[in-house]
Amino acid sequence: MTARKTSVMIVEDQTMLRDSLAMAVDAQADMCVVALAADARDALGLARRHDPDLVLMDVCTDNDSSGIAATREIKQALPRIRVVIMTGMPDITFVRQAREAGADSFVYKNVGTAELLSVIRSTMDGYVTFPRAKKNVLEEAGLSEEEVAILRLVCEAKSRREIAAELYLSEGTVKRRISEILAKTGHDSIMKLAVEAVSRGYIVPSLKGR
């Protein structure tokens, strides 16, 4: 009797990488790809239609849609499905957000194919895999969640007034928090820090949910 294959759905916006992942998974005797998507907003509908055992989910997909938000929807609606989140960006909040969304495992895209396939298999066996925290300069500076939120909005070119309104703070509080961010990171300009944070992938601005 032939063993049942693990059915996998891949959500990845880069066509070449998506196709390469699909080929690697389909080449396995114990796995098969049942659906592909470029936009995380399509993930839940495809999961309902194809009923995969596991979803390999990119964090940032087409149209700035969030794989983390899609993971939360899938785990709430179809908790049987396992989700492995993957990303190439060291955003300081992604691992925590992935855990909170209910992801079963998390990998960075710099892992080899063999390691990724191993994570898929171990996740299907009920093991949880999350990377050890890779501290970047923002984490080492010990920024609070509120300070990270302010910096993210600065990266989106929001004014202090807009930041204050979005986070329900006074403009004076925003100004003080920015001064504290600069003191903690050793920068003399919040705009220079924002440029560095975005260019290095520490902050991913404008990542939308649904």
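Per my numbering, residue 1 is the first one in the sequence shown, and the count goes up by one each step.
For every residue, glycine included, the Cβ atom is placed at its ideal position computed from N, Cα and C.
Here the structure is a predicted model, which is why all the values come from computation and not from measurement.
Check: Going by DSSP in three states, phenylalanine 106 sits in which element: helix, strand or coil?; Outcome: strand
Check: Helix, strand or coil: how does DSSP classify arginine 4 here?; Outcome: coil
Check: Kindly provide the ranges of any alpha helix (DSSP H) runs that are 4 or more residues long and lie completely inside the segment 162 to 210, ordered along the chain.; Outcome: 171 to 185, 190 to 199
Check: In angstroms, rounded to a whole number, what distance separates the CA positions of arginine 96 and threonine 123?; Outcome: 18 angstroms
Check: What are the uninterrupted segments assigned as alpha helix (DSSP H) that are 4 or more residues long and contained completely in the segment 15 to 43, given in chain order?; Outcome: 15 to 26
Check: Alanine 27 to leucine 117, Cα distance in whole Å?; Outcome: 11 angstroms
Check: Taking only the alpha-carbon atoms, compute the straight-line gap between serine 66 and phenylalanine 130 and give it to the nearest angstrom.; Outcome: 19 angstroms
Check: Quick check: the Cα distance between arginine 176 and arginine 49, rounded to an integer number of angstroms?; Outcome: 50 angstroms
Check: What's the C-alpha gap between tyrosine 168 and threonine 185?; Outcome: 24 angstroms
Check: List the DSSP bridge partners of cysteine 60.; Outcome: Ser66
Check: Between lysine 75 and the rest of its own chain, which residues show a CB-CB distance below 8 angstroms, the 5 nearest in sequence each way excluded?; Outcome: Ile81, Val83, Ala101, Gly102, Ala103
Check: Taking just the CA atoms, how far does aspartate 91 sit from asparagine 110?; Outcome: 15 angstroms
Check: Starting from the C-beta of threonine 6, find all residues in its chain whose C-beta is less than 8 angstroms away, skip the five residues before and the five after it, and write them out in chain order.; Outcome: Asp30, Met31, Cys32, Asp53, Leu54, Ile120, Arg121, Met124
Check: Could you check the C-alpha separation between alanine 114 and phenylalanine 106 for me, to the nearest Å?; Outcome: 15 angstroms
Check: Just mark alanine 165 as buried or exposed, buried being the case when its beta carbon has 16 or more other beta carbons within 10 Å.; Outcome: exposed
Check: So the candidates are Ala157, Asp42, Tyr108, Leu46; which of them puts its Cα closest to the Cα of aspartate 62?; Outcome: Asp42
Check: Smallest Cα separation from serine 157: which of Met57, Ala194, Cys60?; Outcome: Note that residue 157 is alanine in the sequence shown, not serine. Of the candidates Met57, Ala194, Cys60, the one whose C-alpha sits nearest the C-alpha of alanine 157 is Ala194.
Check: Would you identify the three-state DSSP class for valine 111, choosing helix, strand or coil?; Outcome: coil
Check: Are alanine 77 and valine 11 closer than 8 angstroms when you measure CB to CB?; Outcome: no
Check: Around the Cβ of threonine 87, are there at least 16 other Cβ atoms within 10 angstroms (buried) or fewer (exposed)?; Outcome: buried
Check: When we look at the beta-carbon of methionine 9 and count the other beta-carbons within 10 Å, is it buried (16 or more) or exposed?; Outcome: buried
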